[in-house]
Structure formats: structure tokens, C-alpha cells
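Trainee: Residue numbers (full-length UniProt numbering): 1 to 189.
Cβ atoms here follow ideal geometry from the backbone N, Cα and C, with glycine treated the same way.
Input: one structure, supplied below.
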Amino acid sequence: MKVYTKTGDKGTTALFGGTRVPKDHIRIDSYGTVDELNSYIGLIRDQEIDSHYKTILIEIQDRLFTVGAILATPQEKEVLKNGKLRLENLGIIDSDIELLENEIDKMDESLPPMTHFVLPGGHPTVSHCHIARCICRRAERLAVHLSHNEHVPEIAITYLNRLSDYLFVLARKLSSDLKAEEVKWIPRK
């Protein structure tokens with residue numbers, strides 16, 4: 001199988017099911033941003049961090065492939081001609097969100113309470129987490145925008161929302177683990 005197909009040379013691409021749309025279609029932007037997020041999480045996973053975080057990040061990357069597949073599938077193509085679901089055995093389920101929530105809670109237990117906003121930074125690994133969090137928020141906004149006009153399973157949007165929370169807490173936890181300086185945001189008086 002060749003990497004290049006030449007089918008997108010005129011500015012269109014195929015969704016799951018074969019429907020062709022312009023490459024700047026909101027659906028493409030949505031799952032493209034999820035792909036960008038997935039790549040950035042790979043960068044976080046490549047840092048010198050605890051193996052537990054790496055294991056969770058691999059699980060998150062796997063789930064993000066699923067979110068991307070969901071976003072790449074128009075509702076009218078969700079069911080195959082034989083009646084089976086196109087994305088059978090794929091999906092985001094409640095336990096995927098519960099995993100993120102449990103991990104957030106575990107990290108939060110060892111952190112001091114939030115009393116102020118912090119400026120992103122303090123260590124390259126922490127900064128990568130903050131960038132991933134911002135990409136995740138953008139992916140969520142795009143998925144919500146897409147949902148105004150086309151079907152997007154609510155659980156996919158919920159997953160992205162919870163993932164951005166996870167990435168924020170991971171940034172705080174890694175700041176602590178790496179003894180990075182947390183700079184408080186101080187509003188002007």
C-alpha cells in the first residue's frame with residue numbers, strides 16, 4: 001500500500017464510508033486536531049516521567065484514535081450495508097472517562113489545593129502538558145462546533161473535556177514531581 005494516493009490533490013478527502021469533503025471541512029478539522037493532540041501526547045510520553053503516567057498516556061492515545069474514528073464517520077455511514085456498525089468494537093465508554101477521573105483524583109490527593117492560577121511553564125515536560133491541554137480544548141471546541149450541525153456522540157465530547165482536566169492536573173503533578181517552579185499569575189492592581 002502506497003502512502004500517497006493522489007486522491008486529495010484537489011483539496012478533498014474521504015471520510016469513513018467514502019463520502020468526500022473539502023479538507024477544510026469542520027469534521028476534518030475536528031479529527032485532525034485530535035490527531036495533533038495524540039501526537040503531542042506521544043511527545044509527553046517520550047519524556048522522563050514515571051512509567052505509570054506513560055501507561056495511562058498510551059491508553060489515552062488509543063482512546064484518541066477511537067475519538068478520531070468517531071469524528072471521521074458521518075452518521076449516515078455509521079451502519080454498514082450488512083447492518084453491522086462501521087465502528088463495531090470501537091467507542092468511548094463510561095469506564096474510559098472514569099479512568100481519567102480516577103487518575104485526576106489520585107494525583108490531586110498529593111497536590112496542595114489550588115489557590116491561584118499558574119502560568120504554564122517551569123519545566124519542558126510541564127510545558128508540553130499545558131500545550132497538549134490547549135490542543136485538547138481546541139479539539140473539544142471543534143467537536144462541539146461540529147455537533148451543532150452533525151451528529152457527534154456526546155460521550156466523545158465529554159471524553160475530550162475530561163482529558164483536558166487530566167492534562168492540567170498532570171502538568172501540576174509533574175511540576176511537583178520534577179520540582180519545577182510554579183509561577184503564580186498575579187493580576188494587576
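Taking Cβ to Cβ, would you say THR66 is nearer than 8 Å to ILE135?
Mentor: Result no, Cβ atoms of THR66 and ILE135 do not sit closer than 8 Å.
Trainee: If we call anything under 8 Å between Cβ atoms a contact, is VAL144 one with TRP185?
Mentor: Contact flag unset, no.
Trainee: For VAL183, which of helix, strand or coil comes out of DSSP?
Mentor: Reduced to three states, the DSSP call for VAL183 is strand.
Trainee: Thinking C-alpha only, which one of ILE70, TYR40 and ARG20 is nearest TYR31?
Mentor: Closest by alpha carbon: ILE70.
Trainee: Grab the span of the alpha helix (DSSP H) containing ASP177 for me, first residue to last.
Mentor: Note, ASP177: alpha helix (DSSP H), 154-177.
Trainee: Of all the alpha helix (DSSP H) runs that stay within the bounds of the region 8-87, which reach a length of 4 or more residues?
Mentor: Whole alpha helix (DSSP H) segments, 4+ residues: 26-45 and 51-71.
Trainee: What's the C-alpha gap between ASP62 and ILE93?
Mentor: If you take the alpha carbons of ASP62 and ILE93, they lie about 13 Å apart.
Trainee: Following the continuous alpha helix (DSSP H) through ARG141, name the residue where it begins and the one where it ends.
Mentor: Here the alpha helix (DSSP H) through ARG141 covers 124-147.
Trainee: Could you check whether the region 148-155 touches the region 40-50, counting it as contact only if at least three pairs of C-beta atoms, one from each stretch, sit closer than 8 Å?
Mentor: No, because fewer than three Cβ pairs between the region 148-155 and the region 40-50 fall closer than 8 Å, the two stretches do not touch.
Trainee: Is ILE26 near THR13, with beta carbons less than 8 Å apart?
Mentor: Result no, Cβ atoms of ILE26 and THR13 do not sit closer than 8 Å.
Trainee: To the nearest angstrom, how far is it from the Cα of VAL183 to the Cα of SER175?
Mentor: Their backbone Cα atoms lie some 11 Å apart in a straight line.
Trainee: If I follow the unbroken alpha helix (DSSP H) through ALA99, where does it start and stop?
Mentor: This sequence places Leu at residue 99; Ala is not what is there. Taken as a continuous stretch (DSSP letters only), the alpha helix (DSSP H) holding LEU99 covers 94-109.
Trainee: With C-beta atoms as the reference, is GLU181 less than 8 Å away from GLY122?
Mentor: Cβ atoms of GLU181 and GLY122: closer than 8 Å.
Trainee: Please check the pair ASP165 and ILE104, which I expect to be a contact at CB under 8 Å, by giving their CB distance rounded to whole angstroms.
Mentor: Yes, they are in contact, since the Cβ atoms of ASP165 and ILE104 sit about 6 Å apart, within 8 Å.
Trainee: If you draw a straight line from the C-alpha of ALA139 to the C-alpha of ILE60, how long is it?
Mentor: Cα to Cα, the separation comes out at about 14 Å.
Trainee: Do residue 244 and LEU170 have their C-beta atoms closer together than 8 Å?
Mentor: Because the chain is modelled from 1 through 189, residue 244 falls outside the range shown and cannot be assessed.
Trainee: Using a Cβ-Cβ distance under 8 Å, would CYS134 count as near chain D?
Mentor: Given the protein chain composition of this structure (a single chain), no chain D is represented.
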